[in-house]
Structure formats: C-alpha cells, structure tokens
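Order-wise, the sequence lines are chains A and B. Going from the first sequence to this note's numbering is simple: count from 1 and add 3. Going from the second sequence to this note's numbering is simple: count from 1 and add 352.
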Amino acid sequence: MDDFLIRAMLAGFGLAVVAGPLGSFVVWRRMAYFGDTLAHSALLGVALGFLVGLNINFGIVLVCGALAVLLVVLRSRQRLADDTILGIMAHSSLSLGLVALAFMEHVRVDLMAYLFGDILSVGQMELWWIWLGGAAVLAVLVLIWRPLLTMTLHEELARAEGVPILPLQLLFMALMAGVIAIAMNIVGILLVTSLLIIPAATARLFARTPEQMAVLAALLGCVAVAGGLRGSWNWDLPTGPAIVVAATLLFSLAMVVTSSWRLVVRREQAADG
Amino acid sequence: MFGLTVGRRASAGPAVDDDTLVAAQRLTVTRGQQPVLCNVDVAVKAGQVVTLVGPNGSGKSTLVQVLTGLIRDHQGQVRRRDGLRVGYVPQHFRIDRNLPITARRFMKLAPRGRHGNWDSAVADAGVAHLLDRPMQGLSGGELRRVLLARALLSRPHLLALDEPAAGLDQRGQGELYRLIRHIRERYGCGVLVVSHDLNLVMAATDQVLCLSEGHILCRGAPESVRAHPEYLALFGSHLGPETAVFPHAHDHEPGEHCSHG
Chain A
4 MDDFLIRAML
14 AGFGLAVVAG
24 PLGSFVVWRR
34 MAYFGDTLAH
44 SALLGVALGF
54 LVGLNINFGI
64 VLVCGALAVL
74 LVVLRSRQRL
84 ADDTILGIMA
94 HSSLSLGLVA
104 LAFMEHVRVD
114 LMAYLFGDIL
124 SVGQMELWWI
134 WLGGAAVLAV
144 LVLIWRPLLT
154 MTLHEELARA
164 EGVPILPLQL
174 LFMALMAGVI
184 AIAMNIVGIL
194 LVTSLLIIPA
204 ATARLFARTP
214 EQMAVLAALL
224 GCVAVAGGLR
234 GSWNWDLPTG
244 PAIVVAATLL
254 FSLAMVVTSS
264 WRLVVRREQA
274 ADG
Chain B
353 MFGLTVGRRA
363 SAGPAVDDDT
373 LVAAQRLTVT
383 RGQQPVLCNV
393 DVAVKAGQVV
403 TLVGPNGSGK
413 STLVQVLTGL
423 IRDHQGQVRR
433 RDGLRVGYVP
443 QHFRIDRNLP
453 ITARRFMKLA
463 PRGRHGNWDS
473 AVADAGVAHL
483 LDRPMQGLSG
493 GELRRVLLAR
503 ALLSRPHLLA
513 LDEPAAGLDQ
523 RGQGELYRLI
533 RHIRERYGCG
543 VLVVSHDLNL
553 VMAATDQVLC
563 LSEGHILCRG
573 APESVRAHPE
583 YLALFGSHLG
593 PETAVFPHAH
603 DHEPGEHCSH
613 G
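As structure tokens, then:
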C-alpha cells in the first residue's frame with residue numbers, strides 16, 4: 004500500500020475513534036444541528052488563521068469555541084426558537100468565512116478541500132495533529148464521562164446531585180470544537196457532523212448501554228473510513244463523500260438486519276403463543 | 353446578590369431544633385419582576401410528611417427547589433441541617449430514546465450508586481424486577497419507583513417528590529402513597545411532596561400547605577385544610593372526598609370557582 008493511503012487510513016481511524024463516543028453524546032443531547040453550525044463556522048477559523056498567521060487548527064478551535072459560547076448565551080436569553088438561531092448562525096458564519104477568504108487576495112486556498120475534505124493529502128504533521136488532538140479530546144471525555152452522562156440523562160437531577168452544569172456544557176462544546184478542527188482535514192466542513200451522527204445512530208440499533216454505543220460507534224466509524232477509502236481507490240471517488248456514503252450504507256444495512264431480526268422474533272413469539 | 357444571600361443564611365436564621373431538617377422564613381423568590389414566592393414560612397421535620405398543594409404556577413415546585421438547594425437565588429432565610437442529604441425525584445422525567453440505558457445503570461450513576469444503600473433501596477422501592485429493563489420501556493409508575501430507589505441510595509434525610517403521582521392511574525397513585533408512608537417509617541426521613549390534588553395525599557400527609565400565586569393561603573392537618581374557606585375558594589368543594597374525584601357535570605361556566613354547599 005502507498006504511504007499516502009496508510010496516512011489517510013490512520014488519520015481516518017484517529018477521527019473515527021474520537022467521533023464515535025463524542026457523536027454518541029451529540030445524538031443523546033440532540034445537538035446534531037448545533038454541531039453542524041459549529042462546523043460551518045470553521046471556515047471563518049481558517050480565514051482567521053491566514054489573517055493572523057495562526058495555525059489553522061488553532062484558528063478553527065478558537066472560532067468554534069467562541070461561537071459555542073455565543074450560542075449558549077443566546078439560547079439562555081433568546082426570543083427565537085433554537086433551530087432558527089442555529090440556522091442563522093450556520094449559514095451566516097459559512098458565508099462570512101467564504102467572503103473573508105475571498106478578500107484575502109494573496110491567499111490561494113483550495114476551497115473544495117476545506118468544504119469536502121482532502122484525506123489523501125494528509126501529511127505527517129497533520130497526522131500528529133489528528134492523533135494528539137484526538138487523544139486529548141478522548142481523555143477529557145473519559146474523565147467527565149459520568150457527570151456528563153448524568154447531565155445528559157436529566158439536567159435538573161444532575162444539578163440536585165451537585166454536577167456543575169455550566170462548566171460541563173462549555174467543556175463539551177470545547178471538545179466538539181476540537182473534533183471539528185480534526186475532522187475538517189478528513190471529511191470537510193460540510194460533512195463533519197455525518198461522522199459524529201451516522202456511526203452513533205448505527206450503534207444505537209445494537210447497544211444496550213451508553214458505553215457499548217460509544218465503542219461500537221467508534222468501530223463502525225473505522226469501518227466506514229476503511230470502506231470509503233477502498234471505494235475511493237477502486238472507483239476514483241471523492242474520498243470524504245465516499246466515507247460518508249460508506250457510513251450510510253452501514254446504517255442502512257444495520258436497519259435492515261435489526262428490523263428483520265425483530266420481525267423473526269415476533270413471528271416466533273406468535274407461533275409459540 | 354448571591355454572596356449576600358449566603359451571608360444572610362449563615363447569620364442567625366430561624367431556630368433549627370434537632371428534628372428540623374430544613375426551615376425557611378420570609379422566603380421570597382422573584383423571577384424577573386414577577387414574584388414566584390412571597391414571604392413563605394415552612395419547615396420540614398424528620399419523620400414528617402409535608403404536602404404542598406396548589407394550582408399550576410402557584411410556586412410549589414419553586415419552593416421545593418429552594419428547600420432542596422436547587423435554587424439559591426432567594427431572599428429570606430433558609431436553614432438546612434448540617435450534612436443534610438436530600439433525595440430528589442423531579443416532576444418531569446423522560447430519557448431520549450437514542451440513549452440506551454438500563455434502570456440498573458441509571459441507578460449506578462447516582463453519586464452513591466456504587467456502594468450506597470443498594471440492596472434496601474432496591475427492595476424498598478420494589479424495583480428488583482425492573483433493573484435490567486431499558487429505562488424507555490418502563491411505565492410511568494415503574495419509572496417513578498426507579499427514581500425513588502435512586503433517591504434512596506444515599507439514605508436521604510429529606511425526600512423531595514415533585515408531583516410523584518402525575519400520570520398514574522388511581523391504583524398506581526394509591527400504591528405510590530403507600531410506598532411513601534412505608535419509606536418514611538423505614539428511613540425516618542422527612543418527606544416533601546408536591547401535589548395538585550389534596551385527596552390523593554390525605555392519608556399519607558401530616559401537614560398540608562396550600563399555595564396560591566406564591567402565597568401560603570392556609571396550612572394544617574389535611575382535614576382542617578380541606579374545610580378551610582381559602583382552600584374551598586381555590587379548589588372548590590367538589591374536590592372533597594364526600595363527592596366523586598372524577599369529573600362530573602357542572603352547571604356553571606368553566607373558569608368560575610364553584611362552591612356547592
């Protein structure tokens with residue numbers, strides 16, 4: 004196998020292993036659109052990175068983090084519905100990012116790579132970023148797992164039991180911002196949330212405990228990455244979208260398997276009864 | 353503001369004798385400009401069941417949340433016994449169906465869920481047969497019992513139950529109040545119950561506080577409160593046990609307070 008394929012595979016696995024557990028929380032906390040909005044703002048982070056001469060990953064984490072805090076504040080004192088605010092933020096920040104990049108005439112960026120990812124061109128340095136950043140996010144997630152899960156189950160009960168709600172919420176946003184920065188190299192801004200949501204949703208069909216769901220989501224994400232790379236190699240497909248399609252195929256397959264399994268069980272029960 | 357409240361609470365407050373678990377004096381809570389609670393005095397002692405009744409929006413849940421320490425932004429004095437352990441059962445509880453979790457795991461997530469009072473909490477709330485079921489598959493009554501079992505894990509001194517009977521049928525409600533009585537006797541804990549219907553809690557209650565728009569209208573033993581004119585004006589005598597609890601035909605406009613007899 005070629006070097007760049009190995010790097011792509013390692014990068015994809017690094018993302019999938021983090022996206023599984025974090026994506027489970029995104030699904031449980033119903034934050035799919037929240038994640039989408041954060042991801043859309045990542046382009047603004049890229050522009051900021053170029054403008055200030057900052058590392059682009061830092062720029063993304065910074066902008067996503069700021070937007071996350073802004074959203075938390077807006078949500079608590081808003082007069083508009085959640086999805087309205089998210090819709091406004093998502094598209095305005097994406098457009099703002101595009102406009103800002105267009106203004107920087109001296110900067111030539113491959114917009115397609117940012118929007119849809121460019122996993123095949125992941126270099127040694129980016130691989131380090133992905134694995135170290137991913138390990139940090141995963142370590143924090145493991146540390147706050149119990150209180151975060153309690154808060155996700157029932158916020159009021161968690162508060163009554165002394166869980167610090169606001170710090171946990173902000174920390175969770177920070178983790179999401181980190182994963183978005185990582186994921187942008189691989190599947191791009193527009194497809195980031197798919198790797199958070201789809202493997203987690205697939206894992207839900209089989210899992211009996213939260214931890215099972217998180218681990219299974221990570222594994223399924225790895226399978227999707229491998230499948231997408233394979234498809235991309237064989238049929239010359241765009242790699243980011245191919246990974247998402249592979250994840251969706253897994254989800255569909257799982258749906259068919261579990262539905263028919265349930266049907267069989269019900270038939271047997273009916274026959275027994 | 354916050355520091356002031358804490359400071360005031362630390363200074364001389366209502367006298368807390370040995371039996372008193374939590375006591376509030378001249379408690380006032382405002383949300384925005386709107387007063388939610390106004391000059392409320394209340395105390396819960398060990399072994400006592402105190403029931404808060406009142407229509408929706410009367411401040412019952414807020415009062416519970418202040419007494420249990422969930423809301424700390426208030427005026428007036430609130431004194432809790434040192435090291436008071438509170439078991440709280442919230443009014444609304446629904447777990448997202450995307451989150452796979454069994455009752456056992458849910459209980460183990462409680463702060464003392466791993467080493468606490470596990471065996472007797474499970475036995476007292478009668479949830480042994482529910483432990484391996486997914487939370488989303490539990491009925492309203494079963495869910496309430498699991499929440500109660502979880503609250504019992506820490507051997508609470510004070511058990512706060514917000515509308516524990518909501519959504520249960522009559523039989524389920526009867527069972528629940530029997531269970532509350534049993535737990536009070538077994539643990540010797542004080543119990544704070546929110547209800548919008550006095551008749552359901554009659555048998556299990558020592559003291560009733562009747563709330564309306566943030567004020568305490570009347571208080572006392574259930575029988576005396578039921579005969580109190582303020583209570584009758586608020587709830588109407590048709591809610592009395594001598595007539596049917598289920599709705600029956602009225603000969604007046606909706607929204608009007610009825611006062612037969």
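Every residue gets a Cβ at the ideal spot worked out from N, C-alpha and C, and that includes glycine.
Review point. Using Cβ-Cβ distances below 8 angstroms, what residues of the region 447-465 of chain B are close to chain A?
Key: 447, 448, 450, 451, 452, 453, 454, 457, 458, 461, 462, 463
Check your understanding: In chain order, what residues of the same chain lie with their CB nearer than 8 angstroms to the CB of residue 150/A, ignoring the 5 residues before and after it?
Key -> 161, 166, 167, 171
Check your understanding: Roughly how many angstroms lie between the CA atoms of residue 427/B and residue 378/B, to the nearest whole one?
Key -> Approximately 8 angstroms between the Cα atoms of the pair.
Check your understanding: Within 10 angstroms of its Cβ, does residue 471/B collect 16 or more other Cβ (buried), or is it exposed?
Key -> exposed
Check your understanding: Under a three-way DSSP split, which group does residue 391/B fall into?
Key -> strand
Check your understanding: Near residue 6/A, what residues of its chain come up, given a Cβ to Cβ distance below 8 angstroms and the 5 sequence neighbours on each side ignored?
Key -> none
Check your understanding: Can at least three beta-carbon pairs, one atom from the region 487-505 of chain B and one from the region 514-528 of chain B, be found at a separation below 8 angstroms?
Key -> yes
**Study point:** Candidates 405/B, 498/B, 575/B: closest to residue 440/B by CA position
**Key:** 498/B
Check your understanding: Alpha carbon to alpha carbon, what distance is there between residue 563/B and residue 575/B?
Key -> 16 angstroms
**Study point:** Local conformation of residue 40/A per DSSP, three classes
**Key:** helix
Check your understanding: Exposed or buried, which one is residue 39/A when buried takes at least 16 other CB atoms within 10 Å?
Key -> So residue 39/A counts as buried.
Check your understanding: Nearest to residue 614/B by CA position, among 450/B, 565/B, 445/B, is which residue?
Key -> The requested residue 614/B is not part of the displayed model; chain B covers only 353 to 613.
Exercise for review: Name, going along the chain, the residues of the region 534-567 of chain B whose beta-carbon falls closer than 9 angstroms to a beta-carbon of chain A.
Suggested key: none
Review point. Would residue 79/A be called buried (16 or more neighbouring beta carbons within 10 Å of its own) or exposed?
Key: The residue in question, residue 79/A, is exposed, as its Cβ has fewer than 16 Cβ neighbours within 10 Å.
Review point. Residue 506/B to residue 187/A, Cα distance in whole Å?
Key: 45 angstroms
Practice item. Within 10 angstroms of the Cβ of residue 87/A, are there 16 or more other Cβ atoms? Answer buried if so, exposed if not. Key: exposed
Exercise for review: Tell me where the beta strand (DSSP E) around residue 576/B begins and ends.
Suggested key: Counting along the chain, residue 576/B falls outside any beta strand (DSSP E), though it belongs to the alpha helix (DSSP H) covering 574-579.
**Study point:** Pick from 91/A, 223/A, 228/A that is closest to residue 10/A, judged by C-alpha positions
**Key:** 228/A
Point to revise | Coarse secondary structure for residue 365/B, derived from DSSP in three states | key: Unreliable positioning characterises residue 365/B in this predicted model, as indicated by a pLDDT of 46, which lies under 50. A coordinate reading is not provided.
Check your understanding: If we cut at 8 angstroms on Cβ distances, does residue 258/A have a partner in chain B?
Key -> Not flagged as an interface residue toward chain B: residue 258/A, since no C-beta distance is shorter than 8 angstroms.
**Study point:** Cβ-based contacts, 9 angstroms cut-off: residues of the region 418-431 of chain B near chain A
**Key:** Against chain A - using a Cβ distance shorter than 9 angstroms - the residues of the region 418-431 of chain B are 420, 421, 422.
Review point. From the beta carbon of residue 153/A, is the nearest beta carbon of chain B less than 8 angstroms away?
Key: yes
Exercise for review: Following the continuous beta strand (DSSP E) through residue 514/B, name the residue where it begins and the one where it ends.
Suggested key: Run containing residue 514/B: 510-514, per the beta strand (DSSP E) assignment.
Check your understanding: Would you say residue 454/B and residue 500/B are within 8 angstroms of each other, going by their C-beta atoms?
Key -> Residue 500/B sits away from residue 454/B, with the two beta carbons spaced by 8 angstroms or more.
Exercise for review: For residue 246/A, count neighbouring C-beta atoms within 10 Å of its own C-beta (all shown protein chains included) and say buried if the count is 16 or more, exposed if not.
Suggested key: buried
**Study point:** Closer than 9 angstroms at the beta carbon, the chain B residues around residue 212/A
**Key:** 452, 453, 454, 457
Check your understanding: Pick from 99/A, 32/A, 43/A: whose alpha carbon is nearest that of residue 203/A?
Key -> 32/A
**Study point:** Local conformation of residue 541/B per DSSP, three classes
**Key:** coil
Check your understanding: Rounded C-beta distance between residue 28/A and residue 153/A? I'm assuming under 8 angstroms.
Key -> Between residue 153/A and residue 28/A the Cβ distance is about 12 angstroms, and since that is not below 8 angstroms, they are no contact.
**Study point:** Chain-ordered neighbours of residue 660/B on chain A, where CB pairs are closer than 9 angstroms
**Key:** The structure shown does not extend to residue 660/B, since chain B is modelled only from 353 through 613, so no value can be given for it.
Check your understanding: Helix, strand or coil: which one does DSSP assign to residue 547/B?
Key -> strand
Point to revise | Test item: CB-CB of residue 242/A and residue 232/A under 8 angstroms | key: yes
Point to revise | Secondary structure, beta strand (DSSP E): runs of 3+ residues fully inside the region 414-470 of chain B | key: 427-432, 438-441
Review point. Once you ignore the five residues that flank residue 14/A on each side, which residues in its own chain have a CB closer than 8 angstroms to its CB?
Key: 122, 125, 129, 130, 133, 188, 189
Exercise for review: Could you name the residues of chain B that residue 207/A contacts, counting a contact when the two beta carbons are closer than 7 angstroms?
Suggested key: From the beta-carbon of residue 207/A, the residues of chain B found nearer than 7 angstroms are 450, 452.
Point to revise | Under 7 angstroms from the C-beta of residue 148/A: neighbouring residues of chain B | key: Against chain B, a Cβ distance below 7 angstroms from residue 148/A picks out nothing, because the smallest value is about 10 angstroms.
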